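Chains as they are written, first to last, in the working numbering: chain A, 8 to 119; chain B, 4 to 115.
So, in C-alpha cells, the structure goes:
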C-alpha cells in the first residue's frame with residue numbers, strides 16, 4: 008500500500024530543476040506533499056485533490072494524475088533552502104479522511 | 004500563537020517499561036495523529052483520532068495505545084517498551100474538514 012517514490016535521492020546545483028515522483032497501486036483521493044529538513048518536523052507543501060490538478064507553491068509545483076495514481080513534484084530553479092527530504096502522503100479513495108500513507112521519501116541536496 | 008507541542012523531546016527507557024508520550028495542540032483541531040519515523044520506512048501511522056472519545060488503529064498499532072479525553076491532547080502509550088520501538092515519534096493535527104496536517108517537533112525515543 009505504501010506509495011513508491013523516485014528517485015530515492017538527488018543532488019542538484021543551485022538553479023537546476025528536479026522532479027520527484029510518487030506512485031500508488033491504490034485508487035487515490037488525494038496526494039499530499041511535505042518537506043522535512045534534518046532534525047525537524049515535516050512541513051506541509053500542498054495537497055492535490057482532483058485528477059490532473061496542478062498546484063504551485065513559490066517555484067515548487069505538483070501534478071496529480073488520478074487515472075494513473077501518480078503525482079509528481081516539480082522544483083524549478085532550485086535554491087539551497089530546498090534541501091531536505093520530500094515525502095508524498097497518499098489518501099486512498101474510500102479510506103478515512105486525512106488518513107495518510109507516506110512514501111519512504113526522496114532526499115534532495117542542493118549544492119552551491 | 005496556536006501550536007502543537009510534544010514532550011518529552013528525548014526519552015531513554017528500558018525494555019518492558021511503560022512509556023507515555025504527550026501531544027498537545029492549541030488549535031482546537033478535531034483530528035490528531037501519531038506517526039513513527041524510521042530510516043528507510045518514512046512516516047508510518049500508529050493511531051489517529053477524529054474527536055473526543057474516538058480512537059482508531061493505524062498500520063503499525065501493535066504495542067501502542069491512545070486515549071482522547073479532550074480536544075487538545077492525544078497521549079501515546081507504549082504498554083511494554085521493546086527495542087523495536089526505538090524511533091522518532093511525531094504527532095500531527097488537522098482541523099475538521101481539512102486534510103492539511105500540522106506536525107509537532109517530534110520525540111526521540113530510545114529503548115535499551
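Note that the Cβ used here is the ideal one computed from N, Cα and C, for glycine as well.
For clarity, every value in this text was computed on a predicted model and none was experimentally measured.
Sequence-distant residues of its chain with Cβ nearer than 6 Å to residue 25 (chain A) (five each side left out)
Counted from its first residue, the first chain places residue 25 (chain A) at position 18. Taking residue 25 (chain A) as the centre and dropping the five residues before and after it, the same chain places the C-beta of 17, 19 and 82 closer than 6 Å to its C-beta, in chain order.
Note the first and the last residue of the continuous beta strand (DSSP E) segment covering residue 90 (chain B).
Taking the first residue of the second chain as position 1, residue 90 (chain B) is located at position 87. Segment 90–97, the beta strand (DSSP E) holding residue 90 (chain B).
Mind checking which residues open and close the beta strand (DSSP E) that includes residue 13 (chain B)?
Here residue 13 (chain B) refers to the residue found at position 10 when the second chain is read from its first residue. Residue 13 (chain B) -> beta strand (DSSP E) spans 13–16.
Determine the DSSP secondary structure at residue 87 (chain B), reduced to helix, strand or coil.
The count along the second chain starts at 1 and reaches residue 87 (chain B) at position 84. In the three-state scheme derived from DSSP, where H, G and I count as helix and E and B as strand, residue 87 (chain B) is classed as helix.
Within 8 Å, do at least three Cβ pairs link the region 27–36 of chain B to the region 4–18 of chain B?
Of all C-beta pairs linking the region 4–18 of chain B to the region 27–36 of chain B, three or more are shorter than 8 Å, placing the two stretches in contact.
Which residues in chain B have a C-beta closer than 9 Å to the C-beta of residue 106 (chain A)? List them in chain order.
Mapped onto the first chain, residue 106 (chain A) falls at position 99. Correct list: 36, 48, 51, 59 and 61.
Residues near residue 119 (chain A) by beta carbon distance below 8 Å, same chain, minus five either side:
Counting from one through the first chain, the residue named residue 119 (chain A) turns up at place 112. Taken in chain order, the residues that qualify are 20, 21 and 87.
Between A:77, A:114, A:56 and A:52, which has its C-alpha nearest residue 68 (chain A)'s C-alpha?
As a first step, residue 68 (chain A) must be located in the first chain, where it is residue number 61. The shortest C-alpha separation from residue 68 (chain A) is found at A:52.
Evaluate residue 49 (chain A) with the Cβ neighbour count: other Cβ atoms within 10 Å of its Cβ, from every protein chain shown; 16 or more gives buried, anything less gives exposed.
Locating residue 49 (chain A) in the first chain gives position 42, counting from the first residue. So residue 49 (chain A) ends up on the buried side.
Tell me which same chain residues have a C-beta within less than 8 Å of the C-beta of residue 48 (chain B), skipping the five on either side of it?
Residue numbering aside, residue 48 (chain B) sits at position 45 when the second chain is read from its first letter. For residue 48 (chain B), same chain residues with a beta-carbon under 8 Å away, outside a window of 5 residues either side, are 36, 37, 38, 61, 62 and 63 in chain order.
Measuring straight from C-alpha to C-alpha, what distance separates residue 54 (chain B) and residue 99 (chain B)?
Residue mapping note: residue 54 (chain B) aligns to position 51 of the second chain, counting from 1. Residue mapping note: residue 99 (chain B) aligns to position 96 of the second chain, counting from 1. Going by the C-alpha atoms only, they are around 9 Å apart.
Nearest neighbour of residue 73 (chain B), chosen from B:58, B:102, B:83 and B:112 [CA to CA]:
As a working mapping, residue 73 (chain B) is identified with position 70 in the second chain. A check of alpha carbon separations from residue 73 (chain B) across B:58, B:102, B:83 and B:112 identifies B:58 as the nearest.
Figure out for me which residue from B:52, B:97 and B:89 has the closest Cα to the Cα of residue 18 (chain B).
Counting from one through the second chain, the residue named residue 18 (chain B) turns up at place 15. For residue 18 (chain B), the nearest C-alpha among the options comes from B:89.
Would you report the Cα separation of residue 50 (chain B) and residue 20 (chain B), rounded to the nearest angstrom?
As a position in the second chain, residue 50 (chain B) is number 47, starting the count at 1. As a position in the second chain, residue 20 (chain B) is number 17, starting the count at 1. For the pair residue 50 (chain B) and residue 20 (chain B), the Cα-to-Cα distance works out to about 20 Å.
Per DSSP, cross-strand counterpart(s) of residue 39 (chain A)
For this step, residue 39 (chain A) is matched to residue 32 along the first chain. According to DSSP, residue 39 (chain A) bridges with A:54 and A:96.
Could you give the residue range of the beta strand (DSSP E) that holds residue 111 (chain B)?
Taking the first residue of the second chain as position 1, residue 111 (chain B) is located at position 108. Taken as a continuous stretch (DSSP letters only), the beta strand (DSSP E) holding residue 111 (chain B) covers 110–114.
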